[in-house]
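So the sequence shown is residues 851 to 1166, counted in this note's numbering.
For each residue, glycine too, the CB sits at the ideal point set by N, CA and C.
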Amino acid sequence: MSADAPATRFTWRSGLRIVGSLGAIALVLSIVDREAVLTGLRRTPVEAFLVALGGFLGLHALSALKWRSFLVLAGAELSTLTALRAYAAGLFANLCLPSLVGGDFVRAGVLVTQGASLADVAVGGVADRLSDLLALALLVAMATGFAQGALRAEGLAFGPWVALLPLVMIAGLAVGLFVLRRLPLRRLPRKLRRLLIRLERAWRRLRARPTRALLGLLASTALQAGFVLVNVYLGRAIGLVIATKLWFLLWPLAKLAAMAPVSLGGIGLREAAFAALVAPFGDEATAVAQSLVWEAVLVVGGLVAGLCFLVTRSRR
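Rendered as structure tokens:
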């Protein structure tokens, strides 16, 4: 009975996320011009889709190397090939796991089964995730400054406070780490106590190398900017014409909204958020079409990553 409980909870949660995604898509399509959305989808050039897919896979390959650098910084020992395989498994898992954590648990599981320290992997993975959130915050903050003219022209009062959302998330995680460090370890179960001690040691190793951590943040910012540029290219190929500086504001905000763990991989939430954000500056129906094409890129990219993981595993 108890063994079936986790599987049951997972099924229910997955089902609720599917319902959330379908509900969000239905809501968006009931508001925007559906024919315009279909027109945008039909006029998507195949070559544009393939270029976007190549950009997606290439940027994620670089992201895997960045992720490995954070793990090594935390004390983990793993080869580049092992990191790429684990990252590919996580990218495939992103298709059915909450966006906020994505395939982080799957990546960690692959590494732990190969002998990596769970504490090192956990600290490095959290640092990598925080760097991505900080990178999005930096992009939003900079784009808000550059796009003030366009925002004021539409009567919008976006300010630097928009960038505080991911910072609040990071502050919450920092508070969580502070609380964990203050727990009475002697009263905790032995396994949990050993894990917390290892986490503390790994965190100290990470904190002792701030320069490398800063370089990781800069790499995260460059990679997130790369994802924005891929979407700019895809959007223009479909017919969504808005200023590039607005893309650097609107797309990261939509990406942050899609991280809410109430949909399947952010599907539906991303479209709703992006359409609402684009509405003052461009055609929201075309924005929905662009976002749906990007969802297709995510799905195909995740499947390719999963195939790569399976092929490399069979050759081991």
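The criterion of a C-beta distance shorter than 9 Å is satisfied by residue 870 and residue 1113. Residue 1139 and residue 940 do not touch by the CB rule: their CB atoms are close to 28 Å apart, not below 8 Å. Nearest neighbour of residue 1145 by Cα position, chosen from 1132, 1158, 1108, turns out to be 1108. Under the three-state reduction of DSSP, residue 1043 is assigned to helix. The residue among 1103, 961, 1081 with its C-alpha nearest the C-alpha of residue 1094 is 1081. Across the structure, residue 901 and residue 1029 are spaced so that their CA atoms are roughly 46 Å apart. Residues of the same chain with a CB within less than 7 Å of the CB of residue 912, apart from the 5 flanking positions on each side, are 1073 in chain order.
In its chain, beyond the 5 residues on either side, 1118, 1121, 1122, 1125, 1138 have a beta carbon closer than 8 Å to the beta carbon of residue 878. Between residue 1147 and residue 932, the alpha-carbon positions lie close to 24 Å from each other. The straight-line gap separating the alpha-carbon atoms of residue 1152 and residue 1084 is approximately 18 Å. In the three-state scheme derived from DSSP, where H, G and I count as helix and E and B as strand, residue 998 is classed as helix.
Secondary structure at residue 955: helix, using DSSP grouped into helix, strand and coil. Counting along the chain, the unbroken alpha helix (DSSP H) around residue 897 starts and ends at 896-924. Annotation: the continuous alpha helix (DSSP H) that includes residue 1070 extends over 1060-1088. Taking the Cα positions, residue 899 is about 12 Å away from residue 892.
Between the alpha carbons of residue 918 and residue 1077 lies a distance of about 19 Å. In this structure, residue 954 lies away from residue 1135, with their beta-carbon atoms at least 9 Å apart.
The Cβ-Cβ distance between residue 962 and residue 1053 does not fall below 9 Å. In the three-state DSSP reduction, residue 992 falls in the helix class (H, G or I).
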